[in-house]
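Q:
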Amino acid sequence: MKQKNIQINSEEEYQAFLKRIPMYRSVLCRFTTFAISGTVHPEELKDFETALNLKNRKRRITFLHDRACDIIDQYNAANGIVCHYNSDGICEDPKHQTRKNGCCCHCYLQTSQGCPSRNLSCKFYFCDHMCKKFRPLTMKDIELLRMFTPSERQIIKENVFVKRETSIGLLRLGSYLLFCVYSIVKFYRIKNVF
Ligand code: SF4
Ligand code: SF4
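Remember, the working numbering sits 1286 above the position in the sequence shown when you count from 1.
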């Protein structure tokens, strides 16, 4: 293994580093270990270092998926972004007041307690009602997601209504075409619950 030391001490250096991510995550750096440090964005640098040093695809994707979920959860907790339900389990959004569990009512996975899983794509979804009240994170806000290829990012954008394991599994496949085939099957399954 070859070691690459990266020092990032300014915003310009950080932006230049982000532009090099496609090369660092590619097969060209399969046998390179990264030591990344600096005075700007220390948490992000630590996450990039961890992800780049995970050479096993499954372990890398699982780390990225779960870490992005943690980042969203921390941001939402810090900014009071939480959906409120009344005692009957009905949320505030006027468009979702006919069934329990808000927007999750459309998902065949939901339980009476809400979501039984943790799916990154669902974490980005907020209804218009919530988006008017708050500013939830978008995919662009989470720079760590640059570790995914453009097709993988597109899968994250669209892959709601699945369990964490399926979400990670489809990212491991990394094929947008296969994802579309899977989505057609999923659509019929979702349609059956209406
Ligand atoms: S995002 Fe909107 S529709 Fe979904 S649970 Fe929250 S308030 Fe309800
Ligand atoms: S998988 Fe997504 S849509 Fe389904 S219950 Fe969980 S958060 Fe809701």
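Even for Gly, the Cβ is constructed at its ideal location relative to N, Cα and C.
Ordered along the chain, which non-local residues of its own chain (more than five positions away) have a Cβ less than 8 Å from that of TYR1468?
A: Contacts found: LEU1456.
Q: Any heavy atom of ligand 1 closer than 7 Å to the CB of PHE1412?
A: Correct: PHE1412 has its Cβ closer than 7 Å to ligand 1.
Q: Taking the C-alpha atoms as reference points, what is the distance between MET1433 and GLY1375?
A: Each residue's Cα considered, the two are about 37 Å apart.
Q: Flag this pair as yes or no: are the beta carbons of ALA1337 and LEU1430 separated by less than 8 Å?
A: Against a cut-off of 8 Å, the Cβ pair of LEU1430 and ALA1337 comes out as a contact.
Q: Answer yes or no: the CB of HIS1392 versus the heavy atoms of ligand 1, is any distance below 7 Å?
A: The answer is no for HIS1392.
Q: Given the structure, does LEU1408 come close to ligand 2, in the sense that its CB is under 7 Å from one of the ligand's heavy atoms?
A: The residue asked about is misnamed: residue 1408 is Cys in this sequence, not Leu. At least one heavy atom of ligand 2 is nearer than 7 Å to the Cβ of CYS1408, so yes.
Q: Note down the Cα distance separating CYS1393 from PHE1447, rounded to an integer number of angstroms.
A: Rounded to whole angstroms, CYS1393 to PHE1447 spans 6 Å at the Cα level.
Q: How far does the beta strand (DSSP E) with ASN1291 in it reach, from first residue to last?
A: Start and end: 1288-1294.
Q: How long is the line joining the alpha carbons of CYS1377 and ASN1387, rounded to whole angstroms?
A: Distance between the alpha carbons of CYS1377 and ASN1387: 7 Å.
Q: Which residues in the same chain as CYS1408 place their Cβ atom closer than 6 Å to its Cβ, once the five residues preceding and following it in sequence are excluded?
A: Once the five neighbours on either side are set aside, the close Cβ partners of CYS1408 are VAL1446.
Q: Comparing the CB of LEU1423 with every heavy atom of ligand 2, is any distance shorter than 7 Å?
A: No, since every heavy atom of ligand 2 falls outside the 7 Å radius drawn around the Cβ of LEU1423.
Q: Sorry if obvious, but does the Cβ on HIS1415 come closer than 7 Å to a heavy atom of ligand 4?
A: The model on display carries ligand 1 and ligand 2 but not ligand 4.
Q: DSSP state of PHE1320, grouped into three classes?
A: Note: PHE1320 maps to strand in three-state DSSP.
Q: Identify the residues that DSSP records as bridge partners of THR1397: which are they?
A: The partner list for THR1397 (beta bridge, DSSP) reads GLY1400.
Q: Do GLY1461 and LEU1406 have their C-beta atoms closer together than 8 Å?
A: Note on identity: in this sequence residue 1461 is Ser, with Gly being the wrong assignment. No, these two residues do not count as a Cβ contact at 8 Å.
Q: Report the CB separation of ILE1428 from ILE1357 in whole angstroms; it is logged as a contact under 8 Å.
A: Rounded, the Cβ-Cβ distance is 6 Å, consistent with contact.
Q: Near LEU1304, what residues of its chain come up, given a Cβ to Cβ distance below 7 Å and the 5 sequence neighbours on each side ignored?
A: Around LEU1304: GLU1429, ARG1432.
Q: Hey, how far is the Cα of CYS1355 from the Cα of LYS1288?
A: In a straight line, the C-alpha of CYS1355 is about 31 Å away from that of LYS1288.
Q: How many angstroms separate the CA atom of VAL1471 from the CA atom of LYS1449?
A: When rounded, the distance between both Cα atoms is 15 Å.
Q: Could you check the C-alpha separation between GLU1330 and TYR1310 for me, to the nearest Å?
A: Each residue's Cα considered, the two are about 15 Å apart.
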